[in-house]
Every structure is written in structure tokens, then in C-alpha cells.
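See structure below.
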Amino acid sequence: AQKVTQAQTEISVVEKEDVTLDCVYETRDTTYYLFWYKQPPSGELVFLIRRNSFDEQNEISGRYSWNFQKSTSSFNFTITASQVVDSAVYFCALTLRAGKSTFGDGTTLTVKP
Amino acid sequence: KAGVTQTPRYLIKTRGQQVTLSCSPISGHRSVSWYQQTPGQGLQFLFEYFSETQRNKGNFPGRFSGRQFSNSRSEMNVSTLELGDSALYLCASSLDRGQGEAFFGQGTRLTVV
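First to last, the protein sequences are chains A and B.
Each number in the numbering used here corresponds to the 1-based position in the first sequence with 6 added.
Each number in the numbering used here corresponds to the 1-based position in the second sequence with 80 added.
So, in C-alpha cells, the structure goes:
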């Protein structure tokens with residue numbers, strides 16, 4: 007069975023600080039996909055990034071960056087120079103090739119002005 | 081293009097009743113997945129439909145069921161409602177199964193009294 011652990015339940019930072027959200031996953035499958043989603047107060051989950059298990063390249067998109075390390079089964083997400091609008095719940099998710107998805111419990115990020 | 085549409089947005093039902101929730105995926109998307117989100121259990125996978133067939137099912141009792149129509153629209157049904165079924169039900173659509181970016185609707189907030 008697969009599992010996704012987001013150990014940080016809540017994080018609070020001051021605007022312009024950098025913050026890293028941790029995600030550790032477990033699966034016996036060799037083919038899988040990792041995702042990060044943002045859930046603002048409005049409720050819908052907003053897709054941020056997808057990584058497949060064969061692509062360990064890190065990625066940077068503006069202030070967002072992701073570090074995927076298969077050796078430690080981690081897929082961490084860093085926000086550089088955080089802004090108040092980054093305040094949301096962030097979910098890490100693992101999807102197997104067969105389509106079944108498992109989400110972490112989410113990390114609530116609060117960015118204070 | 082239009083996003084994922086879930087109806088209704090809010091619903092109040094009484095214990096023992098049954099409820100049907102609707103999800104219209106993004107045009108051209110063939111995969112629809114349903115999730116239940118509660119404060120205590122987080123985001124849990126309910127089921128995935130692709131080409132009108134249920135492809136995956138989460139660990140929910142048989143009271144939870146669903147279907148997908150030929151136009152990819154999907155419905156989920158919960159019979160004999162219990163207080164613990166109160167949750168935000170999210171629908172996600174994607175082009176294909178599992179691997180791609182999933183677009184989420186804003187959810188249906190179900191309250192069972």
C-alpha cells in the first residue's frame with residue numbers, strides 16, 4: 007500500500023521568508039507520479055507540479071521549486087520570498103500508474119505580513 | 081475553457097436519506113476521480129471512472145457508489161447517510177488516467193444532520 011507523509015501540520019512564516027514543505031512517500035511500485043496541490047480557502051485544489059518516478063530533475067517555477075530525491079523518497083517544495091497570497095493548505099499526492107491516488111494530510115501555510 | 085463544475089455547492093441532508101452529487105469534467109477529459117475531504121481523515125480517494133467504467137475504488141462502504149456517462153460527466157451517490165458522511169466532496173478530471181495533471185472542482189459541501 008502506498009502512503010504519503012507531510013510531517014508539518016502547520017507552518018507560519020513572515021512575508022519574504024523562504025519556506026520548505028516536506029513530503030515523504032512510500033510505494034513498492036516503480037512507476038508512479040508525485041504531485042503538489044494548493045488548496046486556497048475557496049476549496050478547489052490547484053495543481054502546482056507533477057513529477058514521474060523516472061525524472062529526478064529538480065524544477066523551478068518562479069518563486070516555487072521542487073526537490074525530488076528517490077533515494078530518500080522525498081519530494082519537497084520550497085517557496086522563496088513567501089507572500090501573503092501563498093497562505094493555503096498544500097497537499098502532496100502520489101498516484102500509481104493504475105490511477106489510484108493517495109494524498110498527504112496537508113500542510114497549512116500561513117504567511118504573515 | 082470551462083473548469084470542473086460540481087453541483088450543488090452546498091447540501092444539507094438528514095440521516096438515512098440518500099444524496100447524488102454531480103461533476104462535469106473539463107471538455108475532452110475522460111477520467112473523473114472523486115475524493116472525500118474531512119478534518120479528521122484528510123483527503124481520501126473514493127473512486128475513479130474512465131470511459132464509463134469504474135477503474136479504482138477506495139476503502140469506502142458500499143453505500144458510496146458512482147457512475148460515469150458517455151459524455152464523461154459523473155455522479156456519485158451516497159445512500160443511508162450517516163453523520164460521518166459530512167464532508168467536502170471533490171471531483172477531479174484529467175485527460176487520461178492517473179498520470180496527468182488533475183483539475184479539481186470547488187467541491188460539494190455535504191452536511192448530514
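By construction, the Cβ of each residue, glycine as well, lies at the ideal position given by its N, Cα and C atoms.
Point to revise | Residues near Q186(B) in its chain [Cβ-Cβ closer than 7 Å; skip 5 each side] | key: Within the second sequence, residue 186(B) is the residue found at index 106, counting from 1. If we look at Q186(B) and ignore the five residues flanking it on each side, its Cβ neighbours are Q86, R89.
Review point. Going by other Cβ atoms of all chains shown within 10 Å of its Cβ, with 16 needed for buried, is P119(B) buried or exposed?
Key: Looking up residue 119(B) in the second sequence gives position 39. Per the 10 Å Cβ criterion, exposed.
Point to revise | Supposed close pair Y115(B), Q121(B) - CB separation, criterion 8 Å | key: Locating residue 115(B) in the second sequence gives position 35, where the first residue counts as 1. Locating residue 121(B) in the second sequence gives position 41, where the first residue counts as 1. Not really, about 11 Å apart at Cβ, beyond 8 Å.
Point to revise | Proximal residues to E65(A) (C-beta, below 7 Å), its chain only, five neighbours per side dropped | key: Here residue 65(A) refers to the residue found at position 59 of the first sequence. The answer, listed in chain order, is I55, S71, W72.
**Study point:** C-beta atoms of I17(A) and V25(A) nearer than 8 Å
**Key:** Here the question's residue 17(A) lines up with position 11 in the first sequence. Here the question's residue 25(A) lines up with position 19 in the first sequence. Yes.
**Study point:** Assigned secondary structure, K106(A) (DSSP; H/G/I helix, E/B strand, else coil)
**Key:** Position 100 of the first sequence holds residue 106(A). In the structure shown, K106(A) sits in coil (DSSP, three-state: anything other than H, G, I, E or B).
Point to revise | Beta-carbon contacts of N136(B) that lie in its chain and below 7 Å, excluding the five residues immediately before and after | key: Your numbering for residue 136(B) matches position 56 in the second sequence. Taken in chain order, the residues that qualify are F127, E128.
Point to revise | Contact set between the stretch 89-111 of chain A and chain B, restricted to residues whose Cβ is under 9 Å from the partner | key: F97, A99, T101, L102, R103, A104, G105, K106, S107, T108, F109, G110, D111
Check your understanding: From G108(B) to K9(A), what distance separates their C-alpha atoms?
Key -> On the second sequence, residue 108(B) is found 28 positions in, with the first residue counted as 1. On the first sequence, residue 9(A) is found 3 positions in, with the first residue counted as 1. Roughly 31 Å separates the two Cα atoms.
Review point. Can you name the residues of chain A whose CB is closer than 7 Å to the CB of F175(B)?
Key: As a first step, residue 175(B) must be located in the second sequence, where it is residue number 95. This sequence places Leu at residue 175(B); Phe is not what is there. Those do not exist, as L175(B) stays about 12 Å from chain A at its closest Cβ, beyond 7 Å.
Point to revise | Own chain residues within Cβ distance below 7 Å of S131(B), not counting five before or after | key: Translated into the one-based positions of the second sequence, residue 131(B) becomes position 51. So the list reads R110, once near-sequence residues are dropped.
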